[in-house]
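K.L.:
Numbering of the sequence shown is given in the numbering used here, commencing with residue 8 and proceeding in unit increments.
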Amino acid sequence: MPLTSLTAYEALFEQLELTFDKDKNNGKTILIINGAGGVGSVATQLAHLAGLTVISTASRPESIKWTKEHGADYVVNHREDLVKQVNELGYKYVEYILELKDIDGHWKEMCKLIKPEGRIASITENRNPINLRLLTDKKAHFSWEWMYTKSYYQTDDMITQHEILDKVAEMLDDGQLQCTLTRSISPLNAKNLREAHKLVESGHMIGKVVVSDWE
């Protein structure tokens, strides 16, 4: 939970500048691309708790079910036209977009869907140049989220990660957040590490996998 929760929390409340003020978020919508993954599973819950309408993406029955159980109001398929699907839900634009998988494949769709003066954040690296000009006329904001930035560069606000983890721990203890562990593999050895990586690299992983206990 620590890594995914820090990533989701910073992306939502620092990069997208959301708050937990439900009155302020009333009527606002966020699109979370890859809502059933590790970070997406936490981000969907946090966005729901903050009072936003959450549109998550998933492509299989089990991942659709998972993301709905974690707070998604609507689910669209990231393997199909996102613009068309979101528009069919009654939304021409969304105020916020959190991109968690394949920024290259979804960049143009995100630029079309983001509301003027809206915000987009991404945790995935691009393989091709990103055309920021597509956001010019909307005066929209784009930013990266990397959970290690504060510790890697020893930033002045590094203590906030301690504060975020304390808050997340309280939310887990209170039952406001659900743990996203879906698969445990034991013991901790080379064979099981390969198996865990295989699960993640398949692109079909829901939640998080944990390898634990020495042989």
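Glycine is no exception: its CB is placed at the ideal position from the N, C-alpha and C atoms.
Could you give the distance in angstroms between the alpha-carbon of residue 163 and the alpha-carbon of residue 15?
P.N.:
20 angstroms
K.L.:
When the Cβ atoms of the segment 126-137 are set against those of the segment 98-106, are three or more pairs found closer than 8 angstroms?
P.N.:
yes
K.L.:
Could you have a look at residue 107 and say whether DSSP puts it in helix, strand or coil?
P.N.:
coil
K.L.:
Looking only at its chain, what residues have a beta carbon closer than 6 angstroms to the beta carbon of residue 119, apart from the 5 residues adjacent to it on each side?
P.N.:
90
K.L.:
Could you pull out every residue in the same chain whose Cβ sits closer than 7 angstroms to the Cβ of residue 215, ignoring the five residues on either side in sequence?
P.N.:
These residues qualify, in order along the chain: 11, 45, 187, 188 and 189.
K.L.:
Hey, how far is the Cα of residue 197 from the Cα of residue 222?
P.N.:
The alpha-carbon atoms of residue 197 and residue 222 are separated by roughly 11 angstroms.
K.L.:
Hey, is the segment 134-151 in contact with the segment 55-62, meaning 3+ C-beta pairs nearer than 8 angstroms?
P.N.:
When Cβ pairs closer than 8 angstroms are counted between the two stretches, the segment 134-151 is seen not to touch the segment 55-62, the count staying below three.
K.L.:
Quick one: residues in its chain with C-beta nearer than 7 angstroms to the C-beta of residue 168, no 5 flanking neighbours on either side, listed in chain order?
P.N.:
13 and 157
K.L.:
DSSP state of residue 17, grouped into three classes?
P.N.:
Residue state, collapsed to three classes: helix.
K.L.:
For residue 146, which residues from the same chain have a beta carbon less than 6 angstroms from its beta carbon, with the 5 sequence-adjacent residues on both sides left out?
P.N.:
For residue 146, where only same-chain residues beyond five positions count, the Cβ hits under 6 angstroms are 124.
K.L.:
Spatial neighbours of residue 47 within its chain, please: C-beta separation below 6 angstroms, excluding the five flanking residues on both sides.
P.N.:
39, 41 and 107
K.L.:
Of the choices 154, 151 and 122, whose alpha-carbon is the least far from that of residue 144?
P.N.:
122
K.L.:
What are the boundary residues of the beta strand (DSSP E) that includes residue 81?
P.N.:
81-83
K.L.:
What are the start and end residues of the alpha helix (DSSP H) that includes residue 167?
P.N.:
Boundaries of the alpha helix (DSSP H) around residue 167: 166-181.
K.L.:
Whose C-beta lies closer than 7 angstroms to the C-beta of residue 150 among residues of the same chain, with five residues either side of it excluded?
P.N.:
Cβ neighbours of residue 150 beyond the five flanking positions: 22 and 128.
K.L.:
Can you find the residues in the same chain that come closer than 7 angstroms, C-beta to C-beta, to residue 203, ignoring five residues on each side of it along the sequence?
P.N.:
192, 216 and 218
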